[in-house]
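Asker: The structure under discussion is supplied below as structure tokens; questions concerning it will follow.
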Amino acid sequence: MSDPKAPSPICHLPKAIRHPALTLLAGLLLLGGGCVSVRVPVSPAPRVDAASLPKAEVARATANLRVFDTVWDQVHRKHYDPSFNGLDWNDLARTYGPRATAAVDTRTLYQTINEMLGRLNDSHTAAIEPRDASEERAGQRAIVGITLRRVNDAWLIADVNPGGAAARAGVKPGWIAVKRDGMELGERYSRPTQKPGQVVRWEFLTPEGQTVVLDLEVQPLPTARLEVRELSGGLVYIRFDGFNLPATRWLSKELERHRTAPGIVLDLRHNSGGLIASALFAVGEFFPEAVPVFVTLDQKGERFRWASLMLGSANYAGRLAVLTGPQTASAAEILSSALQEKGRATIIGRRTAGALLAAVQTSLPDKGMVQISELDVITMGGKRLEGEGLAPDIEIPVSTLAQLRADEDPELTAAIALLSKP
Amino acid sequence: MSTSRNLMPTGKFQISDFKFAIALQAIALLTALAGPGCATIKLNLQASGLMLAYDDIKKERFDDAMAEVEKLAQRPDLPPEVRSEAAYVKARVLEGQKKLPEAIAQYQEVVAAYPNTPDGYLARKRLRELEAGKAKP
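Chains as they are written, first to last, in the working numbering: chain B, 1 to 422; chain G, 1001 to 1137.
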């Protein structure tokens, strides 16, 4: 006989819902997404002393502490590394908690939290400010469509998004970005908050030394860029910059459309990753049958082997070259390594980012987000790419400024040469 | 861009919904009964012996776990990834049985026989931990 005073075996439910039917409902809720009881996280960080602060500051400090506590607690319970990179996680709460509580604005709060999370030394665990979190959820970013790269103490335009205001205004890769709204970009430039419709004045320097000033309208653009074009000899170039289900569907359709192409160049140089499921579908596009792709390990050492997904696969059987670089990260490293390890593709370019852990995003009380690496990832070839990256089969040195300005792409050239060989 | 946020990958490798991903794997299994997906079905059925062994390890029923692993290892039709995992699990079971020299020998065998597999990686890691004396029993 069960003890009526014992807690429910499913979950510590409030007394009011211990009716059998409601217990069943609660059980179903558990299957759907977790315990129905509310758990308020509390870290060992010192609490707010309301008596010593003005009223407005108490409200801010309390809100800051709620965000900090949630992040601390989530990492404590879920981070894949039970040793927390050899750190005393309680001690870090006592160090960073007061600083987070005293933060005067959102940016300072998140900088402090990220400083603490940075001590874990993993590529994926980070707190994301509400602004960025909202863009992440929407899959769009309010931008003018230029990608900047720091080269020789200057901000070089490495890429121009064809759908953005910069492309329409004639901005070209290889130009130097000098000022934004009259301010020098400086060594540690980061994109400030901007809203769709806002007009930003950019000052550029062309390779010919001419200064160009343009008023560019900020607009929401997809975070994952998709591009396909035919190359010489019937080869096809496919670029996609992120792994989400629409991008994977697009990839599948393009592979189906070009299934008779003798070779495909898959450009993952700007692909910073995305969803696990999307990566598994992408791997499934290139094999005639399901293949094991990687193994994950959680905080308790529980292991799971992930296989490619074959539903709706184009099953492309032609030759394959994959372009990689230091921005090729995470799910893009999974696809690259799976294709390389199984001898399905030649990897051309530069070593990948070495940012491969499986992370889960959780909303924070202020609509920000914390992303926590919950699973360590080992490829089926027995490599842990986190912090290491994937070495290409054919290494191409970094493009020079002159090559960028001449619109040369030595990695693509090498891929075309390889795939054109009989 | 150079903020600490953007030094990290912006797209990430996410399990926005881990259960959804697991469900996808299950759907892939169930819907791929015909055609190429059969390989996946077969692979997972063969791996079920491993799941039983893991369950026995969790419950510290190491003799039962060893029986499962040895039964599995005798099967001639095992895919390589299941065979290497079975060898690694055997080493873990030996550790659980407090047979440390045998466990070390088994880890070494995994490293030698399956160097380029997750199990080779994990066996190397475990050997390093045992050498450093920081291994949990």
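A virtual CB, placed ideally from N, CA and C, is assigned to each residue, including glycine.
1) When you compare each of B:Phe286, B:Glu395, B:Ser336, B:Asp81 to asparagine 271 (chain B) by their alpha carbons, which one comes out closest?
2) Who are the neighbours of methionine 116 (chain B) on chain G, taking C-beta pairs under 7 Å?
3) For serine 484 (chain B), count the other beta carbons within 10 Å of its own beta carbon; 16 or more makes it buried, fewer makes it exposed. Which is it?
4) Shortest alpha-carbon distance to phenylalanine 281 (chain B) belongs to which of B:Val295, B:Leu356, B:Leu364, B:Phe243?
5) On the three-state DSSP scale, how would you describe threonine 1117 (chain G)?
6) Output yes if chain B places a C-beta closer than 8 Å to the C-beta of isoleucine 1015 (chain G); else output no.
7) Name the two residues that bound the continuous alpha helix (DSSP H) containing proline 98 (chain B).
8) Determine the closest residue to serine 190 (chain B) out of B:Lys55, B:Phe68, B:Arg107, with distance taken between C-alpha atoms.
9) Starting from methionine 380 (chain B), follow the beta strand (DSSP E) in both directions and report where the run begins and ends.
10) Closest by CA to glycine 182 (chain B), which one among B:Gln210, B:Leu214, B:Arg188, B:Val160?
11) Give the range of the alpha helix (DSSP H) segment to which lysine 55 (chain B) is assigned.
12) Does leucine 245 (chain B) pass the burial test, meaning 16 or more other C-beta atoms within 10 Å, or should it be called exposed?
13) Run through chain B and tell me which residues come within less than 7 Å of glycine 1120 (chain G), C-beta to C-beta.
14) Measuring CA to CA, which of B:His124, B:Leu205, B:Val104 is closest to isoleucine 157 (chain B)?
15) Excluding the 5 residues flanking leucine 404 (chain B) on each side, which residues of the same chain have their C-beta closer than 8 Å to its C-beta?
16) Could you tell me the boundaries of the alpha helix (DSSP H) in which tryptophan 250 (chain B) lies?
17) Given 8 Å as the limit, is there contact between the stretch 353 to 372 of chain B and the stretch 380 to 395 of chain B, that is, 3 or more CB pairs closer than that?
18) To which residues of the same chain is valine 227 (chain B) closer than 7 Å at the C-beta, ignoring the five residues directly before and after it?
19) At what residues does the alpha helix (DSSP H) containing glutamine 340 (chain B) begin and finish?
20) Please confirm whether valine 283 (chain B) has its beta-carbon closer than 8 Å to some beta-carbon of chain G.
21) What separation, rounded to the nearest whole angstrom, lies between the Cα atoms of glycine 86 (chain B) and glycine 325 (chain B)?
22) Mind checking whether alanine 142 (chain B) and lysine 195 (chain B) have CB atoms under 8 Å apart?
23) Could you tell me which of G:Arg1126, G:Lys1058, G:Gly1049 sits nearest to valine 1069 (chain G), measuring between CA atoms?
24) I'd like to check one pair, alanine 277 (chain B) with leucine 311 (chain B): are the Cβ atoms closer than 8 Å?
25) What separation, rounded to the nearest whole angstrom, lies between the Cα atoms of aspartate 81 (chain B) and leucine 297 (chain B)?
26) When you compare only the Cα positions, how much space is there between asparagine 114 (chain B) and isoleucine 1104 (chain G)?
27) Mind listing the chain G neighbours of valine 295 (chain B)? Cutoff is C-beta to C-beta under 8 Å, in chain order.
28) Can you check DSSP and say which residues form a bridge with isoleucine 394 (chain B)?
29) Going straight from the alpha carbon of alanine 1065 (chain G) to that of lysine 1059 (chain G), what length do you get?
30) What residues in the stretch 1069 to 1090 of chain G bring their beta carbon closer than 7 Å to a beta carbon of chain D?
31) Taking all protein chains shown into account, do 16 or more other C-beta atoms lie within 10 angstroms of the C-beta of alanine 1086 (chain G), making it buried, or fewer, making it exposed?
32) Would you list the residues sitting across from threonine 147 (chain B) in a DSSP beta bridge?
33) Against proline 1115 (chain G), what residues of chain B qualify as contacts under a CB-to-CB distance less than 8 Å, listed in chain order?
34) Where in the stretch 162 to 192 of chain B do unbroken runs of the beta strand (DSSP E), each at least 3 residues long, occur, reported from the N-terminal end onward?
35) Could you tell me which residues DSSP puts in a beta bridge with glycine 263 (chain B)?
36) For methionine 310 (chain B), which three-state DSSP category applies?
Answerer: In brief:
1) For the purposes of this step, residue 271 (chain B) is taken as residue 271 along the first sequence, with counting starting at 1. Measuring from the Cα of asparagine 271 (chain B), the nearest candidate turns out to be B:Ser336.
2) For the purposes of this step, residue 116 (chain B) is taken as residue 116 along the first sequence, with counting starting at 1. Going along chain G, no residue has its Cβ under 7 Å from methionine 116 (chain B), so there is no contact; the nearest lies around 12 Å.
3) The question about residue 484 (chain B) has no answer, for chain B in this structure spans 1 to 422.
4) Taking the first sequence and counting its residues from 1, the one referred to as residue 281 (chain B) is at position 281. If we check each option's Cα against that of phenylalanine 281 (chain B), B:Phe243 comes out closest.
5) Position 117 of the second sequence, counting from 1, holds the residue named residue 1117 (chain G). Threonine 1117 (chain G) falls in the coil class under three-state DSSP.
6) Along the second sequence, one-based indexing puts residue 1015 (chain G) at 15. Confidence at isoleucine 1015 (chain G) is low in this model, with a pLDDT of 47, below 50, so the placement of that residue is unreliable and no value is reported for it.
7) Sequence index remark: in the first sequence, residue 98 (chain B) carries index 98 (1-based). Taken as a continuous stretch (DSSP letters only), the alpha helix (DSSP H) holding proline 98 (chain B) covers 89 to 101.
8) One-based indexing of the first sequence puts residue 190 (chain B) at position 190. Checked all of B:Lys55, B:Phe68, B:Arg107; the closest Cα to serine 190 (chain B) is B:Arg107.
9) One-based indexing of the first sequence puts residue 380 (chain B) at position 380. That residue, methionine 380 (chain B), is in no beta strand (DSSP E); it is neither H nor E in DSSP.
10) The residue you call residue 182 (chain B) lines up with position 182 of the first sequence. The shortest Cα separation from glycine 182 (chain B) among B:Gln210, B:Leu214, B:Arg188, B:Val160 belongs to B:Leu214.
11) The sequence position of residue 55 (chain B) within the first sequence is 55, counting from 1. Start and end: 55 to 78.
12) The count along the first sequence starts at 1 and reaches residue 245 (chain B) at position 245. Taking all protein chains shown into account, leucine 245 (chain B) has fewer than 16 neighbouring C-beta atoms within 10 Å of its C-beta and is therefore exposed.
13) Within the second sequence, the letter at position 120 stands for residue 1120 (chain G). Within 7 Å Cβ-Cβ: Gly382.
14) Position 157 of the first sequence holds residue 157 (chain B). Checked all of B:His124, B:Leu205, B:Val104; the closest Cα to isoleucine 157 (chain B) is B:Leu205.
15) As a working mapping, residue 404 (chain B) is identified with position 404 in the first sequence. Around leucine 404 (chain B): Leu156, Ala158, Pro173, Gly174.
16) Locating residue 250 (chain B) in the first sequence gives position 250, where the first residue counts as 1. Looking at the DSSP string, the run of the alpha helix (DSSP H) that includes tryptophan 250 (chain B) is 245 to 257.
17) Two segments are said to touch when three or more pairs of C-beta atoms, one from each, lie closer than 8 Å; by this definition the stretch 353 to 372 of chain B touches the stretch 380 to 395 of chain B.
18) Residue numbering aside, residue 227 (chain B) sits at position 227 when the first sequence is read from its first letter. Note that residue 227 (chain B) is glutamate in the sequence shown here, rather than valine. Result list for glutamate 227 (chain B): Arg239, in chain order.
19) To locate residue 340 (chain B), count along the first sequence from 1; it is residue 340. Taken as a continuous stretch (DSSP letters only), the alpha helix (DSSP H) holding glutamine 340 (chain B) covers 331 to 341.
20) Position 283 of the first sequence, counted from the start, is the residue given in the question as residue 283 (chain B). Residue-level contact check: valine 283 (chain B) does not touch chain G, since none of the beta carbons of chain G fall below 8 Å from its beta carbon.
21) In the first sequence, the residue the question calls residue 86 (chain B) occupies position 86. In the first sequence, the residue the question calls residue 325 (chain B) occupies position 325. Roughly 31 Å between the two C-alpha positions.
22) Locating residue 142 (chain B) in the first sequence gives position 142, counting from the first residue. Locating residue 195 (chain B) in the first sequence gives position 195, counting from the first residue. Yes, the pair counts as a contact, with Cβ atoms nearer than the cut-off.
23) In the second sequence, residue 1069 (chain G) corresponds to position 69, counting from 1. The shortest C-alpha separation from valine 1069 (chain G) is found at G:Gly1049.
24) Here residue 311 (chain B) corresponds to residue number 311 of the first sequence, with the count starting at 1. Here residue 277 (chain B) corresponds to residue number 277 of the first sequence, with the count starting at 1. In this structure, alanine 277 (chain B) does not lie closer than 8 Å to leucine 311 (chain B) by Cβ.
25) Your numbering for residue 81 (chain B) matches position 81 in the first sequence. Your numbering for residue 297 (chain B) matches position 297 in the first sequence. Spanning the two alpha carbons is a distance of roughly 9 Å.
26) The residue given as residue 114 (chain B) occupies position 114 in the first sequence. The residue given as residue 1104 (chain G) occupies position 104 in the second sequence. C-alpha separation (whole angstroms): 40 Å.
27) The residue given as residue 295 (chain B) occupies position 295 in the first sequence. Ordered by position in chain G, the residues that pass the 8 Å Cβ test against valine 295 (chain B) are Pro1118.
28) Counting from one through the first sequence, the residue named residue 394 (chain B) turns up at place 394. Isoleucine 394 (chain B) pairs with B:Ile348.
29) Numbered from 1 along the second sequence, position 65 holds the residue referred to as residue 1065 (chain G). Numbered from 1 along the second sequence, position 59 holds the residue referred to as residue 1059 (chain G). Roughly 10 Å between the two C-alpha positions.
30) Within the model displayed, chain D is absent; protein chains B and G are what it includes.
31) Counting from 1 along the second sequence, the entry for residue 1086 (chain G) is found at position 86. So alanine 1086 (chain G) ends up on the buried side.
32) Along the first sequence, read from residue 1 onward, the residue named residue 147 (chain B) stands at position 147. Answer by DSSP bridge pairing, in chain order: B:Asp159.
33) Locating residue 1115 (chain G) in the second sequence gives position 115, counting from the first residue. The answer, in chain order, is Gly382.
34) 176 to 180
35) As a first step, residue 263 (chain B) is located in the first sequence; it is residue number 263 there, counting from the start. According to DSSP, glycine 263 (chain B) bridges with B:Arg319.
36) For this step, residue 310 (chain B) is matched to residue 310 along the first sequence. Of the three classes helix, strand and coil, the one that applies to methionine 310 (chain B) here is coil, per DSSP.
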